[in-house]
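A.B. asks:
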Amino acid sequence: PGCAPAPMLCALAASLMTVAPSRPPQRLSVPGRASVAVLRQASVAGRIPSSSIPQVHWHQAHVETRLTADEEQTLALDMQLLRRWTTAQEQLTARLNRQPTNGEWCAAIGYVGGELSFIESLAALRAQREWLIVANLRFVAHVARKYGNRGVCMQDIVQEGTMGLIAAAERFDPARGARFSSYSVHYIQKYILLLIANSSRLIRLPVRAGQRLTRVKRLRREFMWREGRWPTIPELAHLAELTHDQLHCALRSEHGTMSLDTLELTHTIRAPAGTDPAEALAASDLRSLLRQSLAGLLDPRDAEIMTLLYALDGMGRRSADEVGTQFKIEAKEVVKIEARCLRKLQGQRQLAVRLHSYLES
Numbered sequence: 324p325g326c327a328p329a330p331m332l333c334a335l336a337a338s339l340m341t342v343a344p345s346r347p348p349q350r351l352s353v354p355g356r357a358s359v360a361v362l363r364q365a366s367v368a369g370r371i372p373s374s375s376i377p378q379v380h381w382h383q384a385h386v387e388t389r390l391t392a393d394e395e396q397t398l399a400l401d402m403q404l405l406r407r408w409t410t411a412q413e414q415l416t417a418r419l420n421r422q423p424t425n426g427e428w429c430a431a432i433g434y435v436g437g438e439l440s441f442i443e444s445l446a447a448l449r450a451q452r453e454w455l456i457v458a459n460l461r462f463v464a465h466v467a468r469k470y471g472n473r474g475v476c477m478q479d480i481v482q483e484g485t486m487g488l489i490a491a492a493e494r495f496d497p498a499r500g501a502r503f504s505s506y507s508v509h510y511i512q513k514y515i516l517l518l519i520a521n522s523s524r525l526i527r528l529p530v531r532a533g534q535r536l537t538r539v540k541r542l543r544r545e546f547m548w549r550e551g552r553w554p555t556i557p558e559l560a561h562l563a564e565l566t567h568d569q570l571h572c573a574l575r576s577e578h579g580t581m582s583l584d585t586l587e588l589t590h591t592i593r594a595p596a597g598t599d600p601a602e603a604l605a606a607s608d609l610r611s612l613l614r615q616s617l618a619g620l621l622d623p624r625d626a627e628i629m630t631l632l633y634a635l636d637g638m639g640r641r642s643a644d645e646v647g648t649q650f651k652i653e654a655k656e657v658v659k660i661e662a663r664c665l666r667k668l669q670g671q672r673q674l675a676v677r678l679h680s681y682l683e684s
């Protein structure tokens, strides 16, 4: 039950054919910066194809500066001074409801030396900030390499890691006793992981759901390496410390999307057990064609009786007694109506041609 068998429908059709489918500081030299600028200009001018200098290799080959601990401490102290000056400017802007002048800014931070000297000191602090960032770009590339094959191109990962490096440079405090590389790795990884969570999938997963899925996949691989087999659902749920529902939800989110243009429709729709999708689709098309034909050639009551008798509504065949009970007539009358409708339909040459061309196709 559920749909009429295709052979019966074909026999009915054949019967009707009988017609024919993002303090002034100490000046330090910046080795390697000029070579980066030259490479950038050459790439923009078109003399060096951008595709021939991948961003990760570009950082490793041309940013050779490595800061010592003393240089990092000097630069970090300059960053703290720049951060205090910037905070004072923001507070002054909020109080005045406008952008303060350089003279007002000097007075707010208590700078002694004149406005011109202040501008030079500010430019030097910003240059020191840039050096701290550029000198650690190679470290960004080193961290970014661990996040390849996550659905995001390496250039975007390095760019987002650089944004994390900039955030770390603005917050670094040498008084904590850590090197800048140890401090900045947290921000670099944070920005990269956020990018992967937002851009690696066509349908975005929440950050926590993505982290849970990554953890489940890691535990599954570790179990396979240790035991030589894949874990069962209860074993994996115990390892991940998740309930069965949480684990099933995480595993379902692992499935990606696919385009219907790359596969046949019958390969993407799950069919009931024991059903051939091709035959079910053909039977549905034939039922639709017969219903349209009956509605145009028979009276509404007769067309409804024929639809029920031959299961053209996809709900299974009804006997003459069931149809008679529904229409409050005798079963013999239903049989007579069926015979009369068949004789009438057999004389319709246009219907015979439509059914003949459909069955041939």
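Counting from 1, position 202 in the sequence shown corresponds to residue 525 in the working numbering; the numbering is continuous, with no gaps. From the three backbone atoms N, C-alpha and C, an ideal C-beta is built for every residue, glycine too. The structure presented is a predicted model; accordingly, all values stated were derived computationally and were not measured.
Alpha helix (DSSP H) containing Pro-623: first to last residue?
C.D. replies: Pro-623 -> alpha helix (DSSP H) spans 623-632.
A.B. asks: Would Tyr-633 pass as an interface residue toward chain D - the criterion being a Cβ-Cβ separation below 8 Å?
C.D. replies: No chain D is part of this structure, which consists of one protein chain only.
A.B. asks: How should Gly-437 be labelled, buried or exposed, when 16 other C-beta atoms within 10 angstroms of its C-beta is the threshold for buried?
C.D. replies: Exposed, since its Cβ has fewer than 16 Cβ neighbours within 10 Å.
A.B. asks: Give the DSSP-derived three-state secondary structure of Arg-524 in the structure shown.
C.D. replies: Coil.
A.B. asks: Once DSSP output is grouped into helix, strand and coil, what is the label at Thr-416?
C.D. replies: Three-state DSSP puts Thr-416 in a helix.
A.B. asks: What does the alpha-carbon distance come out to for the pair Leu-632 and Ala-675?
C.D. replies: C-alpha separation (whole angstroms): 20 Å.
A.B. asks: Taking the straight line between their C-alpha atoms, what separation do you get for Gln-422 and Ser-505?
C.D. replies: Roughly 36 Å between the two C-alpha positions.
A.B. asks: With 16 as the cutoff for other CB atoms within 10 Å, does Gln-451 come out buried or exposed?
C.D. replies: Classification of Gln-451: buried, given that the 10 Å Cβ count is 16 or more.
A.B. asks: Of the residues Glu-558, Leu-525, Cys-572 and Leu-516, which one's Cα is nearest the Cα of Leu-536?
C.D. replies: When each option's Cα is compared against that of Leu-536, the closest is Cys-572.
A.B. asks: Alpha carbon to alpha carbon, how far is Arg-499 from Ala-399?
C.D. replies: Going by the C-alpha atoms only, they are around 11 Å apart.
A.B. asks: Starting from Gly-442 and walking both ways along the alpha helix (DSSP H), at which residues does that stretch end?
C.D. replies: Correcting the residue type first, residue 442 is Ile in the shown sequence and not Gly. Taken as a continuous stretch (DSSP letters only), the alpha helix (DSSP H) holding Ile-442 covers 438-457.
A.B. asks: With a CB to CB cut of under 6 Å and the five nearest residues on each side skipped, what residues in its chain are close to Gln-396?
C.D. replies: Only Pro-497 meet the Cβ criterion.
A.B. asks: Compare the C-alpha of Ala-532 against each of His-567, Phe-495 and Leu-574 and name the closest.
C.D. replies: Here the closest residue by C-alpha is Leu-574.
A.B. asks: How about Thr-580 and Ile-526: are their beta carbons less than 8 Å apart?
C.D. replies: In contact: Thr-580 and Ile-526 (Cβ atoms closer than 8 Å).
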